[in-house]
Structures are given as C-alpha cells and as structure tokens.
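Enquirer: Let me give you the structure first, and then I'll get to my questions.
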Amino acid sequence: MSEPDRIERIVGQWAAVRPDIDLDTMALVARVTRTAQLMNKKIDELSAAYGAHRSEGDVLFTLRRAGPPYRLSPSRLAESLLVTSGTMTNRLDRLESRGLVKRIPNPNDRRSLDVELTELGLRIADQAVTTHIANEQAMLAPLTKRDRDELTRITRKLIAHLEAEPPES
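Everything in the sequence shown is counted per the working numbering, starting at 42 for the first residue and increasing by one.
What follows is the structure, given as structure tokens:
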C-alpha cells in the first residue's frame, strides 16, 4: 500500500470513530512527517555510500563552508551543529582516524586546539556536497519552480511559528 493510501486509510479509521476531530490537520501533519522521514532516509543512505554517518558529513560540511583554511574550534563546531562537546569529540575522533580532519594548535591560544580539514577531507567534502545537492534535487524533482517557491514560503512560516512557541509545561 502506498504511503498516501496508508495515511488516507488511517484518517478514514479515525473518521469512523472520531468524526468530531480535525482530520485534515491530522492528515497534513502525517504527510509532512512522512516526507521528512523519507528525505532523511535518502540522505542517510547517501552518507552510508560514503562510508560515513550523516553526522560526520555535517562536520565536514561545516568546516568546508567556513572557508579557507577550513578550520574551527571544536566548541564552535559543536555550537554550529547543536551538539554537546562530548558528542563532537567522538565525531572528531572518527574523522581524524580516517584522515579527514586534523587537530592543530590554535594560533591565538596555545592551550587549545582547532580542527581543520585535511586535503583528503576537503576533496571528500567537495565531492560529497555535490552529490548531496544532486540527491536533494532528485527528491524535489516533481515540484515546479512555483511549487518550490510556495513550499519555501510555507515551511519558513511554519518553522518561525514552531520556533517561537513557548515550551510546554
């Protein structure tokens, strides 16, 4: 059974037992959630094809987009990727063991280290981001330019709303 049919079946079941609830909203949130799941799966599969976890690719991409010399402190990396310092240390250890990043002394503070892409890391990051964008283009292929512009407008609006909501108590 295809996903839209499955969502319609589930909503139909709810309609039979709770016709009083907003089933259009339920169906729309289910579609958005399923879209995100499918997109994440495709991105994870692409990361696996590079022999890496998606989170490691995030580190490489963050260093690459920092521009030459493709170097940041571990704390700036962790902050950018919204992870703890312990999580960042584990990612950096894995990437360093594969020769994709190196830890070097901070030129302004000898007590700390920075993380820098190696030549291999830079080549992999450039190759991977090109493939990543092609993967994203393929995911959005059924959408026209107008569809994409409208989806951008709508998702920006939803993100702003959801980020502005006070936490539930």
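Glycine residues also receive a C-beta, built at the ideal position from the N, C-alpha and C atoms.
1. For my contact list, L199 and R189 are in at a C-beta cut-off of 8 angstroms; report their separation, rounded to the angstrom.
2. On the three-state DSSP scale, how would you describe S114?
3. Determine the contact status of L104 and L158, defining contact as a CB-CB distance below 8 angstroms.
4. Counting only the same chain and skipping the five closest in sequence on each side, list residues whose C-beta sits under 7 angstroms from that of H94.
5. What are the start and end residues of the beta strand (DSSP E) that includes E157?
6. From this set, T185, H202, H173, which residue's C-alpha is nearest M80's C-alpha?
7. Report the residue ranges of all alpha helix (DSSP H) runs contained in full by the segment 169 to 205; include only those spanning at least 4 residues, in chain order.
Expert: So, from the listed chains and residues:
1. Not a contact, Cβ separation roughly 16 angstroms.
2. Of the three classes helix, strand and coil, the one that applies to S114 here is coil, per DSSP.
3. Result yes, Cβ atoms of L104 and L158 sit closer than 8 angstroms.
4. Contacts found: S88.
5. Note, E157: beta strand (DSSP E), 150 to 158.
6. The residue with the shortest Cα to Cα distance from M80 is H173.
7. Here the runs fully enclosed are 186 to 205.
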